[in-house]
Each structure stands twice: as structure tokens, then as C-alpha cells.
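Chemist: To start, I am sharing the structure in question, which I have written as C-alpha cells.
In my numbering, the protein residues as written are 1125 to 1232.
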């Protein structure tokens, strides 16, 4: 029961094909664009630069995350409800009650 509830929440947060993709505003110049396959088979697209990141097909409004430079072992970006941590080809997305683990598919 708990596992199915977590999966339902992840699907809700990660978006569905019925929802429009959320894109970063044109003035945010993200240097890197990467796609990650997550444990729930959802593909997230991460756009980032040295100071901030955005998850483009993530169902959270206001998904701009800002770089946390206090962490040196990995790249960490944090927003009001979501924390994202990058380590090599792995992405961990923590949104309070659960963590979504993803692996990089390709870099654009």
C-alpha cells in the first residue's frame, strides 16, 4: 500500500503526458541540458548552469533551483520544496517525503 502510494505521488509530481511541459523562461541561460531516467521510468530533463537549475518536465510549479555551494562532494541545487543532488551520472531528487533516483541518459 505504501509503495503504491509513493509511486502515485511520484507520477503526480513527475508529470504525465496530459500535462504541458514546463519550460524555463527565455532569460535563464542554462549551459547544459541533460536527460535522466528515473526509477519510476519517467525521463526528466535537467537544464543547469553554475548558479541554478530547472527541471523542465517536472510537475512542480516554480521549479527553479539554486546552487548550494556548501556541499563539495556533489553538485546540489535547492528550491522551496525540492532538493536535487548530482554525483557523476546519478541524480537524486528529494521532495520531502520521498527521494527519486535517476541515471543520466544523455547530455545535449
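Glycine included, C-beta positions come from ideal geometry on N, C-alpha and C.
Note that the coordinates shown come from a computational prediction; the quantities given were computed from them, not determined experimentally.
Check residue 1180 in the structure and name its three-state DSSP category.
Modeler: In this structure, residue 1180 counts as coil in the three-state DSSP scheme.
Chemist: Taking the beta strand (DSSP E) that residue 1207 belongs to, which residues open and close that run?
Modeler: That run of the beta strand (DSSP E) goes 1207-1211.
Chemist: Hey, quick one: how far does the beta strand (DSSP E) through residue 1169 stretch, first residue to last?
Modeler: Unbroken beta strand (DSSP E) run through residue 1169: 1167-1172.
Chemist: With a threshold of 6 angstroms on Cβ separation, who are the neighbours of residue 1156 within its own chain once the five nearest residues in sequence on each side are excluded?
Modeler: Closer than 6 angstroms at the Cβ level, and outside the excluded window around residue 1156, lie 1172.
Chemist: For residue 1229, is the classification buried or exposed, using 16 other Cβ atoms within 10 angstroms of its Cβ as the cut-off for buried?
Modeler: Per the 10 Å Cβ criterion, exposed.
Chemist: Rounded C-beta distance between residue 1224 and residue 1163? I'm assuming under 8 angstroms.
Modeler: Indeed, because the Cβ distance is near 7 angstroms, the residues count as touching under 8 angstroms.
Chemist: Helix, strand or coil: how does DSSP classify residue 1197 here?
Modeler: The answer is coil: DSSP assigns residue 1197 none of H, G, I, E or B.
Chemist: Once the 5 residues before and after residue 1234 are set aside, which same chain residues still bring their CB inside 7 angstroms of it?
Modeler: The structure shown does not extend to residue 1234, since the chain is modelled only from 1125 through 1232, so no value can be given for it.
Chemist: In three-state terms, what does DSSP make of residue 1154?
Modeler: Correct three-state label for residue 1154: coil.
Chemist: Could you please give the first and the last residue of the uninterrupted beta strand (DSSP E) stretch that includes residue 1164?
Modeler: Neither: residue 1164 is in no beta strand (DSSP E) and is coded neither H nor E.
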